[in-house]
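Undergrad: This structure is in structure tokens; I'll ask about it shortly.
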Amino acid sequence: MLLTLGMLGVVLLTALGVWQIERRAWKLALIERVEQRIHAAPAPLPAASSWPAVTAAGDEYRRVTVTGTFLHADETLVQAVTDDGPGSWVLTPLRRTDGTTVLVNRGFVPAEKRDPATRREGAPQGVVSFTGLLRMSEPKGGFLRSNDPAAGRWYSRDVAAIAATHGLSQVAPFFIDADATPNPGGYPVGGLTVVRFHNSHLIYALTWFTLAFMLAVALLRAVRGRGRAGGSDPRRAAVRRLIGAARNLSRNPGPDARAHIGSA
Numbered sequence: 052m053l054l055t056l057g058m059l060g061v062v063l064l065t066a067l068g069v070w071q072i073e074r075r076a077w078k079l080a081l082i083e084r085v086e087q088r089i090h091a092a093p094a095p096l097p098a099a100s101s102w103p104a105v106t107a108a109g110d111e112y113r114r115v116t117v118t119g120t121f122l123h124a125d126e127t128l129v130q131a132v133t134d135d136g137p138g139s140w141v142l143t144p145l146r147r148t149d150g151t152t153v154l155v156n157r158g159f160v161p162a163e164k165r166d167p168a169t170r171r172e173g174a175p176q177g178v179v180s181f182t183g184l185l186r187m188s189e190p191k192g193g194f195l196r197s198n199d200p201a202a203g204r205w206y207s208r209d210v211a212a213i214a215a216t217h218g219l220s221q222v223a224p225f226f227i228d229a230d231a232t233p234n235p236g237g238y239p240v241g242g243l244t245v246v247r248f249h250n251s252h253l254i255y256a257l258t259w260f261t262l263a264f265m266l267a268v269a270l271l272r273a274v275r276g277r278g279r280a281g282g283s284d285p286r287r288a289a290v291r292r293l294i295g296a297a298r299n300l301s302r303n304p305g306p307d308a309r310a311h312i313g314s315a
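In the numbering used here, the protein residues as written are 52 to 315.
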């Protein structure tokens, strides 16, 4: 019974290692796609009719150009921690000529610049155009902290909740991170988008494969020990034959296995 459980453990651990290798390949492909989007020429904002089809996998971090008029009276401050220290993101609705609205993360301000009166020169009036990165909404709040719209405490850029709080309609389900073009007066500071993907899948895979190998070695030693103690048990003999067959297969996997390995 213990031998059977051990063999199942080897299979499971090996499968986990293979899964992590597949996840690593997926993550590397994602990173490559995002890098291509960030450095591509900017494109117009997706049409409102296509907004339901906008997804993180297909559209996030695309460079887009946006034109409209900022609604500064409806700006929202969202808690931020950046390389410049703690402060807030300034999210301001941008009303476009077709009547739709898109939230724009105009950039970072420190605590002493939270009051719009301290950065009036950085609040452009009239029609403006700029370039930024398309980002997906961040619903529900930050880590261990929920947004509190009634109290004006925001920990994530939840587009739907911010739009509802300000009574905005026809709002895009995403927001735009403004680029690093300086604002008059220096604030808000744009272009601080951090594009970083956690990628430890290779380490995880090696860990699972190592555990599978260690368990397999332990099982082999246990079987050999039983064989020396008394090899007349037919079940033990069957296990030894199974291990021998596995060894032979690993030395000569056969044409089907070699073809599969060659196509991987």
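Backbone N, C-alpha and C define an ideal beta-carbon position, used for all residues, glycine too.
Using 8 Å as the Cβ pair cut-off and three pairs as the minimum, do the stretch 95-103 and the stretch 70-81 touch?
TA: No, the stretch 95-103 is not in contact with the stretch 70-81.
Undergrad: Considering only the alpha carbon of each residue, which of 96, 107, 113 and 106 lies closest to residue 89?
TA: Here residue 89 refers to the residue found at position 38 of the sequence shown. Closest by alpha carbon: 113.
Undergrad: State buried or exposed for residue 286, treating a residue as buried only when at least 16 other CB atoms are found within 10 Å of its CB.
TA: The residue you call residue 286 lines up with position 235 of the sequence shown. Note that residue 286 scores a pLDDT of 48, beneath 50, so its modelled location is shaky; the value from the coordinates is reported in the next line. Answer is exposed; the Cβ neighbour count stays below 16.
Undergrad: Assuming contact is defined by CB atoms lying nearer than 7 Å, are residue 177 and residue 234 in contact in what I supplied?
TA: Counting from 1 along the sequence shown, the entry for residue 177 is found at position 126. Counting from 1 along the sequence shown, the entry for residue 234 is found at position 183. Cβ atoms of residue 177 and residue 234: not closer than 7 Å.
Undergrad: In the DSSP assignment, what are the bridge partners of residue 130?
TA: Start at 1 with the first residue of the sequence shown, and residue 130 comes out as number 79. Answer by DSSP bridge pairing, in chain order: 139.
Undergrad: Within 10 angstroms of the Cβ of residue 250, are there 16 or more other Cβ atoms? Answer buried if so, exposed if not.
TA: By 1-based counting over the sequence shown, the position of residue 250 is 199. Label assigned to residue 250: exposed.
Undergrad: With DSSP as the reference, label residue 236 as helix, strand or coil.
TA: Position 185 of the sequence shown holds residue 236. Helix at residue 236.
Undergrad: Between the Cα of residue 255 and the Cα atoms of 65, 61 and 191, which residue gives the shortest distance?
TA: In the sequence shown, the residue the question calls residue 255 occupies position 204. Per the Cα distances, 65.
Undergrad: If I'm right that residue 224 touches residue 210 with Cβ under 8 Å, what's the distance once you round it to whole angstroms?
TA: One-based indexing of the sequence shown puts residue 224 at position 173. One-based indexing of the sequence shown puts residue 210 at position 159. Sure, about 6 Å apart at Cβ, within 8 Å.
Undergrad: Looking at the structure shown, is residue 68 part of a helix, part of a strand, or coil, going by DSSP?
TA: Position 17 of the sequence shown, counted from the start, is the residue given in the question as residue 68. Note: residue 68 maps to helix in three-state DSSP.
Undergrad: Quick one: grab the DSSP three-state call for residue 312.
TA: Residue numbering aside, residue 312 sits at position 261 when the sequence shown is read from its first letter. Because the pLDDT at residue 312 is just 27, under 50, the model does not fix this residue reliably, and the value given afterwards should be weighed accordingly. DSSP, read as helix, strand or coil, puts residue 312 in helix.
Undergrad: At a cut of 8 Å, does the stretch 258-265 reach the stretch 206-222 through at least three beta carbon pairs?
TA: no
Undergrad: What are the residues that DSSP puts in a beta bridge with residue 199?
TA: In the sequence shown, counting from the first residue as 1, residue 199 sits at position 148. DSSP output for residue 199 lists 204 as bridge partner(s).
Undergrad: Would you call residue 186 buried or exposed, if buried means 16 or more other Cβ atoms sit within 10 Å of its Cβ?
TA: The residue given as residue 186 occupies position 135 in the sequence shown. Buried is the call here.
Undergrad: Just the C-alpha distance for residue 85 and residue 60, rounded to the nearest angstrom, thanks.
TA: Your numbering for residue 85 matches position 34 in the sequence shown. Your numbering for residue 60 matches position 9 in the sequence shown. Those two C-alpha atoms are separated by around 37 Å.
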